[in-house]
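Below is one structure, written out as structure tokens, with a few remarks after it.
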Amino acid sequence: MSADSSQVPTTQDPATEQTTATNPWLPAVLSLIIPGLGQMAVLKQREFGLKLLIAWLVIAVGPTMVMMPLRISGTDVNRGAVTLADTVALAGIGIGVLIAVFAAVTAYRTAEPVSEAVAAERAADAAEQPALSFQNVGVSFNTEFGTVDAVKGVSFDVMPGEVVAVVGESGSGKSVTSAAAMGLIPQNGTVTGRAFLNGQETTTMDAAQLRRLRGSEVSMVFQEPMTALNPVLKVSDQLVEAMQVHGVAFGKDALAKGVELLELVGIPDAKQRIHEYPHQFSGGQRQRIVIAIAISCNPSMIIADEPTTALDVTVQAEILDLLRRLKHEIDTGILLITHNMGVVADMADRVVVMFQGQVVESGSSEEILLQPEHPYTRRLLDAMPTLHQKGDVQGVSAKDRREAAQPTTAPEQETVIEGKNLALAYRNNRGKPVRVVEDVSFAVPKGEILGLVGESGSGKSTIAKAVLGLLDVDEGELLIRGRNLPALKGAERKVARREIGVVFQDPAASLDPRFPIGDIITEPMVVHKVGSPKDRKARAAELLEAVKLPAGVINRFPHELSGGQRQRISIARALSLSPSILIADEPTSALDVSVQARVLEMFAELQEQYAFACLFVSHDLAVVDQLADQIMVLEKGRVVEQGHKEQILRDPQMGYTKRLLAAAPVPDPRQQDERRAARQQLWEAQGLTAT
Amino acid sequence: MSNDQSPEQSNEGLEQQMVDLAEVEDAKLSETHQSYSQNQLIRRRFFGHIPAMISLVVVTIITVTAFTSVGYGIIPGWWPHPFRLPQGAELVNGGEPTMFDDGRIFGPHPFGQDSLPRDIFARVMRGTQQSLIIGVVVALVSSVMGILIGAVAGYFRGKIEAVLMTLTDFVIVVPLLVIAAILGQFVSGMPFPPFPLAIVLGIVSWTGMARLVRAEVLSLREKEYVSAAVAMGASPWRIIRKHMLPNAVGVIIVNASFTVAAVILLESTLSYLGMGVQPPEVSLGMLVSEGEVAINTRPHLFWIPGIFILIIVLCVNFIGDGLRDAFDPHQQRKGERRPGLRQALGFRGTSMAQSRQAGQLGLDTAGRTGSSLATDSTDPKANIFRFRRKK
Amino acid sequence: MTGYIIRRMLQFIPVVIAATLIVYAMVFLMPGDPIRALSGDRPMSPQVLETLREQYNLNDPFLVQYAKYMWGVFTAGDFGTTFQGRPVLDIIQQGLPITVTLALVALSFQIVIGVIAGVLAAVYKDSFLDRMVQVSLVIVVAVPTLAIGFLLQLTFGLNLEWFPIAGTREGLVSYVLPGITLGAVSTGIVARMLRSELVEALQSDYVRTATAKGMRRSRVVVRHGLRNSLIPVVTFLGADLATMLGGTVVVETIFNLTGLGGQIFRSIQAQENTVVVGIVTLFVLFYVVLNLVVDLLYAAIDPRIRYD
């Protein structure tokens with residue numbers, strides 16, 4: 129290999145001292161640092177593409193400018209340093225050009241505006257014809273498992289100003305149908321039949337025409353507010369995008385309109401907050417923003433796909449109110465896709481029920497909800513857990529059932545789970561503990577179910593985790609069968625854990641995908657070294673029978689089972705050591721309605737049989753009504769109210785509890801109207817603004 | 015009762031069908047059909063990956079040929095010429111390759127000879143042996159170390175994690191080639207080549223695997239079946255052994271296979287610079303370096319070992335791709351991110367920030383997170399459309 | 008934010024110390040006596056050898072040597088001298104711009120070609136273009152750098168005579184071929200990473216929202232998809248730049264550039280400990296600083312990240 133100084137040009141001889149006055153390194157380094165700092169400052173200010181462009185130009189120009197005087201003055205500068213500066217400059221320019229290209233691509237080019245004559249004609253027609261019409265629409269998908277018909281022969285209309293609810297469980301094809309209306313079906317899908325939007329046939333349109341429709345005549349509101357907005361763009365950017373793309377408003381006008389829209393949907397301080405980022409808003413507020421975007425171009429049709437499923441029940445009530453108000457003000461038609469009959473009763477004028485890709489029944493909401501004809505509809509309504517009103521025929525609680533079965537007077541019940549002034553904390557990133565639950569006390573005797581109710585952030589799941597020993601107790605005592613769990617260590621702790629079984633919420637993640645079902649169910653036995661392998665196999669079969677699954681499932685794997693079936697396996701696992709305590713953290717929240725009904729029914733029977741004490745966490749008051757004996761209502765980590773179920777649910781004392789109960793919708797349209805009025809009165813009485 | 019219904023199904027027919035989703039699901043279960051475990055599914059997918067299969071065949075052929083032709087250790091080979099300078103060797107055909115030359119298919123020296131003269135085919139085979147051994151041994155050593163460190167750091171968190179990750183940082187910061195070169199010099203005189211070299215290389219290349227395993231363990235920790243196992247009283251070692259590592263195996267194996275390829279390249283670079291395998295042993299990198307000087311007069315001395323390196327690395331990469339597709343099919347679960355290069359490079363700030371994001375998301379969603387969580391990737395309906403929500 | 012920066016810079020110190028200590032230890036532990044090697048065939052009297060040893064602190068215990076050296080580096084910028092008396096700082100000054108320029112050229116190549124290829128492959132997913140890009144990426148990643156270097160030299164340098172094949176005489180142009188060689192593998196990685204990130208971003212909810220607003224596909228890709236996908240790519244590029252700085256030796260050898268990469272290797276072979284440690288210290292510093300810069304850049308791009 130070559131020696132050290134082979135190719136260095138002779139302008140500089142390494143052997144001689146650097147006698148030049150200027151040290152070349154200082155300007156070279158400065159020329160890199162200063163623009164870098166400048167870039168940081170610029171980045172704070174403006175639009176992304178622009179600022180990056182400026183920044184890179186600064187980097188590109190900076191070094192050259194700094195080196196220029198040295199070059200001109202002819203001092204001996206380290207050749208290498210000059211080349212370095214040149215490189216940086218060139219690289220910067222290259223990248224700047226790239227960014228400029230991207231910026232050009234994203235420049236606004238609006239769709240052609242519709243001519244006036246055509247628009248007038250459309251407006252005239254609009255009053256008579258349906259805003260959205262499906263005629264024998266079918267959608268099938270080409271998957272690796274063959275062709276799947278997701279939607280078969282669906283026909284219905286939505287008139288302007290009308291709310292039509294499409295109800296169904298998973299696999300019913302309700303979401304696919306709505307996507308077909310906007311042409312949002314993915315590539316492997318084929319659409320048959322015809323869909324019309326304001327008289328224009330969308331199924332035969334090309335991409336450009338569809339784009340013109342989307343956002344301006346028909347817009348969608350999706351289910352997940354947390355991910356529906358781009359996290360790296362400001363709300364203002366996302367709000368005005370649709371307006372600018374469709375030529376409704378530009379620049380400052382668009383921004384002003386955006387502020388108006390935000391105020392319309394109930395975001396306080398809209399003028400300041402429009403410049404914030406999505407993660408600075410709560411879930412409910414984000415959904416409002418999504419709705420604001422949806423109405424920004426005055427569409428004639430809004431398709432809302434499960435818009436409130438991911439929200440707390442009080443927030444859900446507010447969003448539904450908002451939608452109803454907007455419907456009146458803008459006179460749009462709304463296609464509401466949901467599985468919740470209560471929401472249907474609250475909002476819908478007409479209802480379409482879908483099952484396995486077909487429409488099984490349709491009619492006005494009163495017809496469907498109060499006098500359903502099709503067996504599926506009837507089953508669906510029956511399966512929905514009901515929140516009984518005061519004066520209704522009382523539901524039968526687990527305890528009552530048990531007492532009916534064994535009318536002997538039971539001896540004094542042992543308090544199996546007890547919490548005394550519990551305080552729980554998480555550690556934040558700096559290691560400082562943040563209290564999420566404060567001063568919670570409860571006692572659950574054997575054979576009883578305590579329902580933990582609350583909205584997100586209430587701490588109900590946190591308490592469940594603490595009882596399971598997954599979270600340390602900051603303060604207070606947690607007694608499992610009389611022993612303070614946090615104080616136990618090692619082997620004693622393990623023994624205490626034998627007594628506790630758990631069922632989690634997510635069926636997909638509750639079971640180890642690599643374990644066969646039999647091993648999953650008997651894992652607690654293996655951990656505590658109970659029984660021989662033969663015993664365990666027998667026990668697994670026993671438990672499968674108890675959860676009403678065929679015995680052959682023992683050798684299957686979790687991915688072959690559906691959600692409801694997996695939850696049943698979870699329950700079987702929880703019961704394998706006949707625990708005295710069962711913790712259920714929203715076990716049915718991720719399941720379809722009818723599946724949920726089955727699982728809850730089975731759960732109640734098992735509880736009768738095994739007589740465990742249970743901590744049942746749920747956000748759904750109706751579910752809790754069905755199962756629990758006692759209820760504890762939580763808000764922001766504190767107990768709002770607790771006591772016997774009848775008292776809490778029928779005769780609540782605290783304002784928060786009343787609000788929770790008032791907000792839960794029931795599947796009876798007339799009742800729901802009354803409830804809504806009552807709820808709004810309650811809000812006003814409590815001094816909260818109604819949306 | 016199947017789900018495929020003809021579009022002309024009448025209303026009465028529908029009424030006779032199942033009218034309850036739960037029943038439909040249960041009915042599906044009682045159909046008897048072949049039940050596949052995860053491993054079987056993975057194997058099926060792997061064997062269906064054509065480039066990987068071709069590469070597997072090629073690599074096997076090369077490995078077998080390399081080890082049998084020139085022999086290894088005490089086992090003799092079937093190739094007549096040794097890779098070192100034999101007694102009374104003669105220059106045949108001017109040192110040019112005798113393959114496809116003059117109507118012969120192989121001839122006595124298919125890859126030609128160098129100036130000494132030594133048979134290039136034998137040297138290439140020997141070099142391939144060394145490269146393969148180094149690749150596999152380094153991958154093994156670094157994987158084992160990486161898995162241990164990563165799993166312990168990821169599971170136990172807290173101070174242990176901080177210490178282990180800082181240690182990892184220390185090793186990452188030093189340029190790999192420099193450390194490898196220094197260590198290469200260090201072991202250059204040791205016996206049993208190339209094992210000392212392979213072991214020291216392994217000791218400094220575990221950092222990528224450690225980071226990946228740690229990231230994977232961190233994400234698996236949040237899974238509910240792990241919480242269930244903790245809640246039922248399982249010991250940390252049981253959880254790591256039975257629940258985490260088997261589910262992390264995909265990432266581990268894929269990373270290990272890519273490590274083999276990277277190490278072969280690294281070794282060839284080192285040998286090219288003179289710091290890897292030392293004479294009289296041969297490695298492909300050394301052959302490339304020897305051949306470089308004659309690249310204009312006798313190009314085969316340079317290109318043949320170079321092409322061998324290329325083919326081996328290419329095939330190993332394809333196998334790695336095949337493994338990755340087998341473990342992680344493209345119909346990925348939404349919302350579930352397998353840790354990738356990002357986590358492997360894990361600048362502290364970014365991984366901190368990401369966990370904060372995840373934490374924020376977790377606290378904000380309402381109880382009904384079922385809708386945002388994974389759908390089963392093998393459930394046919396789930397693969398269909400991306401807009402799928404609940405279940 | 009400033010608090011964070013200061014804390015990170017304080018974290019530099021143990022890392023730099025540990026890394027340089029590791030390297031110093033390894034170099035120190037290598038067998039052989041450099042002074043004797045220096046004298047070569049000429050016999051030198053034991054007194055002269057002893058004086059030389061004293062001068063280079065070779066008789067002190069290891070840690071003391073290390074401490075004296077580090078002290079010199081950070082207080083006086085004195086990286087010591089080679090055994091022939093040449094200041095190491097000089098050597099560094101000679102070679103640094105070449106190595107850094109090389110790395111930057113490679114980086115630019117990676118950014119431009121890698122990003123374009125990745126975006127195209129993701130947008131036209133599963134098309135012929137996509138497959139072609141993917142296949143070429145796989146191949147590029149597998150070819151040893153040596154081969155790429157020689158190939159480029161032969162075709163573009165000798166045969167076509169578009170670019171110079173060695174040396175730095177012609178300024179920036181002479182860095183083109185070496186830069187491409189150095190950056191080729193990473194370009195492949197960047198393109199693949201960007202493709203998979205972009206494909207995933209394009210399946211996300213906010214892209215669906217954007218499409219539902221009626222935006223053109225290209226606009227959706229660039230405005231919504233790209234920005235989110237660039238984050239991991241930026242992280243990778245930062246790490247890669249630091250790694251490249253340490254791995255330029257092969258390219259420098261092929262193209263006859265007198266950068267630090269080649270220098271370090273010659274010094275390892277000659278057991279010039281001071282040079283090795285000096286250059287490595289520099290590289291380590293680069294790495295940690297780049298690390299911090301990337302993290303800050305990350306915060307600038309993603310508004311969710313706030314350091315406190």
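From first to last, the protein sequence lines are chains L, G and H. Per the working numbering, residue 129 is the first one in the first sequence, and the count goes up by one each step. Per the working numbering, residue 15 is the first one in the second sequence, and the count goes up by one each step. Per the working numbering, residue 8 is the first one in the third sequence, and the count goes up by one each step. Cβ coordinates follow ideal geometry from the N, Cα and C atoms, glycine included.
Identify the contact partners of residue i in chain G, using a Cβ-Cβ distance below 7 Å as the criterion.
i         : result
His656(L) : Gly247
Ser683(L) : First, the amino acid is wrong: residue 683(L) is Asn here, not Ser. Chain G residues near Asn683(L): Ser49.
Pro652(L) : Met246
Ile172(H) : Those do not exist, as Ile172(H) stays about 13 Å from chain G at its closest Cβ, beyond 7 Å.
Ile628(L) : Ala245
Could one say the Cβ of residue i lies closer than 8 Å to chain L's Cβ atoms, at least one of them?
i         : result
Ala165(G) : no
Arg356(G) : Reliability fails at Arg356(G), whose pLDDT of 43 lies under 50, so the model's placement of it is uncertain and no value is given.
Asp247(H) : no
Arg202(H) : no
Arg14(H)  : no
Glu39(G)  : yes
Leu232(G) : no
Tell me, please, which residues DSSP counts as bridged to residue i.
i         : result
Lys548(L) : Glu605(L)
Asp285(L) : Ser261(L)
Phe483(L) : Gln486(L)
Asp277(L) : Ser268(L)
Gln770(L) : Met760(L)
Gln127(G) : Asp133(G)
Thr466(L) : Val295(L)
Tyr554(L) : Val562(L)
Pro846(L) : Outside the displayed range of chain L (129 to 819) lies residue 846(L), so it cannot be described from this structure.
Looking at chain G, is there any beta carbon in it that lies within less than 8 Å of the beta carbon of residue i?
i         : result
Ala25(H)  : yes
Gly156(H) : no
Ile697(L) : no
Ile118(H) : no
Is residue i close to chain H, meaning its C-beta is less than 8 Å from at least one C-beta of that chain?
i         : result
Ser410(L) : no
Thr238(L) : Bear in mind that the predicted position of Thr238(L) carries a pLDDT of just 46, short of 50, making it unreliable; the figure below should be weighed with that in mind. Chain H contact via Cβ: absent.
Met333(L) : no
Glu290(L) : no
Note down, in chain order, every chain L residue with its Cβ under 8 Å from the Cβ of residue i.
i         : result
Asp212(H) : Phe350, Glu352, Thr355, Ala356
Asn235(H) : Asn358, Pro359, Val360
For a contact meaning CB atoms closer than 8 Å, what does residue i contact in chain H?
i         : result
Tyr504(L) : Correct list: empty, because the minimum Cβ distance to chain H is about 30 Å.
In chain H, which residues lie less than 9 Å from residue i when you measure between Cβ atoms?
i         : result
Val373(L) : Lys220, Gly221, Met222, Arg223, Arg226
query = Quick one, which residues of the stretch 287–315 of chain H are near chain G if we go by CB-CB under 9 Å, in chain order?
reply = Val287, Phe290, Val291, Tyr294, Val295, Asn298, Leu299, Val301, Asp302, Leu303, Tyr305, Ala306, Asp309, Arg311, Ile312, Arg313, Tyr314
Those runs of the alpha helix (DSSP H) which lie wholly inside the stretch 130–196 of chain G and span at least 4 residues = 134–170, 172–187
ask   = Along the chain, which unbroken stretches of the beta strand (DSSP E) at least 3 residues long are found entirely within the stretch 383–452 of chain L?
value = 429–433
ask   = Listed in chain order, which residues of the stretch 291–324 of chain G have Cβ atoms closer than 7 Å to some Cβ of chain L?
value = none
message = Tell me which residues of the stretch 594–616 of chain L have at least one Cβ-Cβ distance to chain G shorter than 8 Å, keeping chain order.
response = Leu596, Gly597, Leu598
request  = Write down every uninterrupted run of the alpha helix (DSSP H) in the stretch 89–154 of chain H whose length is 4 residues or greater and which is fully enclosed by it, in chain order.
outcome  = 95–116, 122–130, 135–149
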